[in-house]
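Colleague: Let me give you the structure first, and then I'll get to my questions.
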Amino acid sequence: MIEALHLSKACRLGVHALHDLSLSVGTGEFVFLTGPSGAGKSTLLRLLLCQERPTEGRLMVDGEDLSQMGAGETQAYRR
Numbered sequence: 203m204i205e206a207l208h209l210s211k212a213c214r215l216g217v218h219a220l221h222d223l224s225l226s227v228g229t230g231e232f233v234f235l236t237g238p239s240g241a242g243k244s245t246l247l248r249l250l251l252c253q254e255r256p257t258e259g260r261l262m263v264d265g266e267d268l269s270q271m272g273a274g275e276t277q278a279y280r281r
């Protein structure tokens, strides 16, 4: 299961690409991200792939809080 809990990602000058996003995706579920340019779709994917860290909130995968892991821990977890 993937859970995003109150995720926010601030970019330059305090502009938020994402603000207070919460969602959960269960095992076997499919999710489609749609929205206009600049809505935060790519930012959300980068957060889910641990390519970026959230400014606020937690990202949980199977009960593990990825948003609190260091770079080395995240890389080891992804393997």
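Each position in the sequence shown, counted from 1, maps to that position plus 202 in the working numbering.
Every residue, glycine too, gets a C-beta built ideally from N, C-alpha and C.
Residues in the same chain with beta-carbon distance under 6 Å from M262, minus the five sequence neighbours each way, listed in chain order, please.
Modeller: Around M262: E205.
Colleague: If you follow the beta strand (DSSP E) that R260 is in, where does it begin and where does it stop?
Modeller: Residues E258 to V263.
Colleague: Within a Cβ cutoff of 6 Å, which residues of the same chain sit near E258, ignoring the five residues on either side of it in sequence?
Modeller: Within the same chain, E258 has close Cβ partners S210.
Colleague: Return helix, strand or coil for S210, following the three-state DSSP convention.
Modeller: S210: strand per DSSP, three-state reduction.
Colleague: Helix, strand or coil for A241, going by three-state DSSP, please let me know.
Modeller: Looking at A241 - three-state DSSP - the assignment turns out to be coil, as it is neither helix nor strand.
Colleague: Using alpha carbons as the reference points, say which of H208, Q277, T245 and R214 lies closest to L225.
Modeller: Considering only alpha carbons, the answer is H208.
Colleague: Could you give the DSSP three-state label for G254: helix, strand or coil?
Modeller: Per the sequence presented here, residue 254 reads as Glu, with Gly not at that position. Looking at E254 - three-state DSSP - the assignment turns out to be coil, as it is neither helix nor strand.
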